[in-house]
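Undergrad:
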Amino acid sequence: MNTLYTASATATGDGRGGHTRSSDGVLNHDLAVPKELGGPGGALTNPEQLFAAGYAACFHGALKLVASKQNITLTDTAITVDAGIGPNGNGGFALTIAIEAELPGLDETTARQLLDTAHQVCPYSNAIRGNVDVTLTLA
Numbered sequence: 631m632n633t634l635y636t637a638s639a640t641a642t643g644d645g646r647g648g649h650t651r652s653s654d655g656v657l658n659h660d661l662a663v664p665k666e667l668g669g670p671g672g673a674l675t676n677p678e679q680l681f682a683a684g685y686a687a688c689f690h691g692a693l694k695l696v697a698s699k700q701n702i703t704l705t706d707t708a709i710t711v712d713a714g715i716g717p718n719g720n721g722g723f724a725l726t727i728a729i730e731a732e733l734p735g736l737d738e739t740t741a742r743q744l745l746d747t748a749h750q751v752c753p754y755s756n757a758i759r760g761n762v763d764v765t766l767t768l769a
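Residue numbers (the working numbering): 631 to 769.
#1: Return the chain-ordered list of same chain residues with a C-beta closer than 6 Å to the C-beta of ALA724, the five sequence neighbours on each side being excluded.
#2: What three-state label does DSSP hand PRO734 in the structure shown?
#3: Given a threshold of 16 other Cβ atoms within 10 Å of its Cβ, counted over all protein chains shown, does SER698 qualify as buried or as exposed?
#4: Report the CB separation of VAL696 from ALA748 in whole angstroms; it is logged as a contact under 8 Å.
#5: By how many angstroms is the C-alpha of LYS694 removed from the C-alpha of ILE729?
#6: For the beta strand (DSSP E) that ALA673 lies in, which residues bound it at each end?
#7: Mind pulling the alpha helix (DSSP H) runs of 4 or more residues that sit fully within the region 666–728?
#8: Output yes or no for whether 9 Å exceeds the beta carbon distance between THR740 and ILE709.
#9: Using the C-alpha atoms, what's the distance from GLN743 back to GLY760?
#10: Between which residues of its own chain and LEU745 is the CB-CB distance below 6 Å, once the five residues before and five after are set aside?
#11: Measuring only the C-alpha atoms, how far is HIS649 from VAL751?
#12: Answer with buried or exposed for ALA662, where buried requires no fewer than 16 other C-beta atoms within 10 angstroms of its C-beta.
#13: Spatial neighbours of PRO734 within its chain, please: C-beta separation below 6 Å, excluding the five flanking residues on both sides.
So this is what it looks like as structure tokens:
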């Protein structure tokens with residue numbers, strides 16, 4: 631693969647309750663374990679929120695790319711990603727992903743086709759395919 635861009639981030643401190651910073655300093659956040667996982671929660675982000683935000687942005691970009699290649703103009707679209715975490719039954723943890731697409735102005739068949747094709751194009755989808763349960767829905 632010809633890598634076009636590489637992002638780099640470092641986690642320090644107490645892992646899920648520590649700190650993360652990108653190499654350029656744009657991302658620079660303290661982290662907190664959510665209450666649901668036994669932590670303090672509060673006004674700090676966590677790895678699942680960061681993953682959900684990245685996946686939503688990436689998937690939205692893939693959707694726009696797929697639509698443009700089919701000469702479909704998307705307006706007022708939104709992608710929401712819910713990233714869940716829970717025990718995997720083997721002593722570790724696993725993720726679940728739910729992607730909801732708001733595609734106003736498109737008929738259901740066209741919207742579903744764009745959603746399914748974007749799921750084949752999106753790098754996040756390709757990275758987790760076969761490892762993480764992903765649900766795709768239209769709002």
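Beta carbons: idealized from backbone N, C-alpha and C, even for Gly.
TA: Reading it off the structure:
#1: ASN718
#2: coil
#3: exposed
#4: 5 Å
#5: 15 Å
#6: Looking at the DSSP string, ALA673 is not in any beta strand (DSSP E), and its letter there is neither H nor E.
#7: 677–699
#8: no
#9: 20 Å
#10: ALA731, LEU766
#11: 31 Å
#12: buried
#13: ASP706
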